[in-house]
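FYI, the working numbering numbers position 151 of the sequence shown as 246, with every residue one higher than the one before it.
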Amino acid sequence: KRNISDSEIEEIIKDHQEMIDQAFQEGYSESDVILRFGDPVMLAEELSEGSDRDDAPRVESDQYQVWKSYTPNKDSLTLVVKLVSEDLVVQPSTNDQIRILYKGRVNIEKYEISYKNGELFIEAPKSRGLSFMRLQSDEMKFIIEVPKALDFKECNQHGVSSDFTLQNLEITHFTINTTSGDCEIKNSTFEDARWNTVSGDLKASDLSITNLVISMVSGDSNLKQVNIKSDFSLSTVSGDAKIEDSKADTFNMNTVSGDLDAKEFYIQSVKFKSVSGDCDIINKIKTPINILRSVSVSGEIRIKS
């Protein structure tokens, strides 16, 4: 891999763009320029993918207690978590064990946990219909640590008033369903990702995804350095979306009053539909975007690429 920093990549692309602009001034056609200098977006992608990506800092578990520790009984893993008011971090383990750690004053025995045939299941008492009152001082937090050697096939997170963080993992199918909780996804790879949130904010950074679907009601989303290889669908009612230094093949956005603010968001085609939300896609590198559909009742649409 190339060991190139983000600032060095940006400088290379800037020099590349200056050469292209000079060629246009000298009368070269777009096809001639690409043949002569290459596609700047492809250059950016190759440099980005070829550079080393540092892991996000681990959440330290010094103040946590080990609840359960499992030796994997299959080469693959499915994780299903259903929480109410508990915060959760999912990250790689430092050994070959699956570990579940916790911090808080609640009776851990009230929680349900099982690990059978490669499936880890955790459920909070309240989500199973039991009476479960908690004081503000009884804040509960979990860390789930997963060996990177496992084939992490599926992760399903269901949360109510639960903040969720996942980082430094490769997962085939990754689903989030959360209400009133914030989510942060960092430095990971997914084939298929579906994230549904109600009133919680979503942050995603340094990700590689084949297909991504995001559905939000009132929370805001912030995506930075997210590489979506195929389709990206984003639906929001009133939440705003901010996208930076990212790319996708096709982008489909539906919004009622939420705005889109995208910078350096390189896509092949776009469909945008809104009632009163604004759409801004502003890119420094000039590349064609096929606008398949662009409809807004009262919002403004500006696409400059």
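Ideal Cβ positions, reconstructed from N, Cα and C, are used throughout, including at glycine. Bear in mind the structure is a predicted one, so any value in this text is a computation, not a measurement.
{"Item": "Cβ-Cβ distance between Gly-276 and Met-311 below 8 Å", "Value": "no"}
{"Item": "Cα-Cα separation, Phe-259 to Glu-240", "Value": "14 Å"}
{"Item": "Coil, strand or helix - Gln-192 by DSSP", "Value": "coil"}
{"Item": "Whole runs of the beta strand (DSSP E) within the region 317 to 354, excluding any shorter than 3 residues", "Value": "326 to 331, 336 to 350"}
{"Item": "Cβ separation of Asn-306 and Ser-330, assumed to be a contact under 8 Å, to the nearest whole Å", "Value": "Contact flag wrong, Cβ pair sits at about 15 Å."}
{"Item": "Whole-angstrom distance between Asp-182 and Pro-242, CA atom to CA atom", "Value": "21 Å"}
{"Item": "4-residue-minimum alpha helix (DSSP H) runs that sit fully inside the region 200 to 275, ordered along the chain", "Value": "none"}
{"Item": "Cα-Cα separation, Lys-379 to Gly-295", "Value": "31 Å"}
{"Item": "Segment limits, beta strand (DSSP E) that includes Asn-378", "Value": "Element bounds for Asn-378: n/a, residue is neither H nor E."}
{"Item": "Rounded C-alpha distance that separates Ile-309 from Glu-279", "Value": "13 Å"}
{"Item": "Ser-124 to Val-390 span [Cα, whole Å]", "Value": "32 Å"}
{"Item": "Own chain, CB closer than 7 Å to Lys-163, minus 5 neighbours either side, in chain order", "Value": "Ile-195, Ile-208"}
{"Item": "Extent of the continuous beta strand (DSSP E) to which Arg-289 belongs", "Value": "278 to 293"}
{"Item": "Ile-376, buried or exposed, once every other Cβ within 10 Å from all chains shown has been counted against 16", "Value": "buried"}
{"Item": "Three-way DSSP call (helix, strand, coil) for Ile-384 in this model", "Value": "coil"}
{"Item": "Three-state class that DSSP yields for Asp-110 in the structure shown", "Value": "helix"}
{"Item": "Cβ neighbour criterion (16 or more within 10 Å) applied to Leu-387", "Value": "exposed"}
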